[in-house]
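Numbering (this note's numbering), first residue to last: 887 to 1137.
Glycine is no exception: its CB is placed at the ideal position from the N, C-alpha and C atoms.
Written below as structure tokens is the structure these notes are about.
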């Protein structure tokens, strides 16, 4: 995660699910607040995630076995048993990936084992005098500049082999988050205004205007109206790890 700044206040997230406010003048910690996923998710939702987690473990083991068999086939190209094993493992990998693509659930309380829960950068709202933090456990929360929690919301996280790293972006009326789907929250209440299905990507959406209409361009290749999530176009590039960029009207 990066650091968000407002005047002499610095905001940064720290594992496993903490937002820290630091005095930029002297480095003193002014306050820190935890937002564990248990605040938001029911036991049933956590069981759903546990199922997805176990499937990810099976996928990793199977993919590793598949790589080993493929290496052996290069060394022993005429071994029919290796060919059969490769086909069986390949089919298993495809099946698990298809199942995971349909699983939407909150990740573990500490986030992904590689990327953690605090990859997204907080975003400051000067007009409302608050800061928003999004943790990849699915927790989204707002604090005023003194550390008082204003609201907390939970978003279902799409299962992802590499975890999540997309940061929230803010318009005057929407807090937009890519968490598998792309969702817009009401900055005053945290309630979901709209949500659109999208592909899982690591990058952060970018905001721009088209003919005076505010739009968001997502790493999943969508261009959506920020007001209502209406689709403007859906044929944009879909970078796996990078964020889209807008320059002189070109995305």
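List the residues that DSSP assigns as beta-bridge partners of residue i.
i	result
residue 917	907
residue 1025	1040
residue 897	890, 907
residue 1019	1027
residue 1096	1099
residue 1068	1064, 1082
residue 1133	1136
residue 1117	1110
Is residue i helix, strand or coil when you go by DSSP?
i	result
residue 1052	coil
residue 1035	strand
residue 1082	strand
residue 941	helix
residue 1009	strand
residue 955	helix
residue 1111	strand
residue 992	The pLDDT assigned to residue 992 is 47, lower than 50, so where the model puts this residue is not dependable, and the model offers no usable value.
residue 925	helix
residue 1122	coil
residue 932	helix
residue 1090	coil
For residue i, collect the residues of the same chain with a Cβ closer than 7 angstroms to its Cβ; drop the 5 residues on either side in sequence, then sort them by chain order.
i	result
residue 1072	1079
residue 1029	905, 919, 1016, 1017, 1035, 1036
residue 887	898, 899, 1004, 1005, 1006, 1007
Would you grab the beta carbon distance between residue i and residue j for me? Rounded to a whole angstrom, and I think it's under 8 angstroms.
i	j	result
residue 1044	residue 1066	2 angstroms
residue 1052	residue 1125	In fact, because the Cβ distance is near 12 angstroms, the residues do not count as touching under 8 angstroms.
residue 1033	residue 919	6 angstroms
residue 941	residue 955	Not really, about 21 angstroms apart at Cβ, beyond 8 angstroms.
residue 938	residue 979	Actually they do not touch by this definition, with Cβ atoms about 16 angstroms apart.
residue 1090	residue 1046	Wrong, their Cβ atoms sit about 15 angstroms apart, outside the cutoff.
Excluding sequence positions up to five away, which residues of its chain have a Cβ less than 8 angstroms from the Cβ of residue i?
i	result
residue 1101	1093, 1094, 1095, 1109, 1110, 1111, 1112, 1118
residue 1131	1092, 1137
residue 1026	1018, 1019, 1020, 1038, 1039, 1040, 1041, 1054, 1061, 1063, 1071, 1076
If I measure Cβ to Cβ from residue i and keep anything under 6 angstroms in the same chain, skipping five residues before and after, which residues do I get?
i	result
residue 1081	1067, 1069
residue 892	1010
| query | Which runs of the beta strand (DSSP E) spanning at least 3 residues fall entirely within the segment 958–984, listed in chain order? | reply | Correct list: empty.
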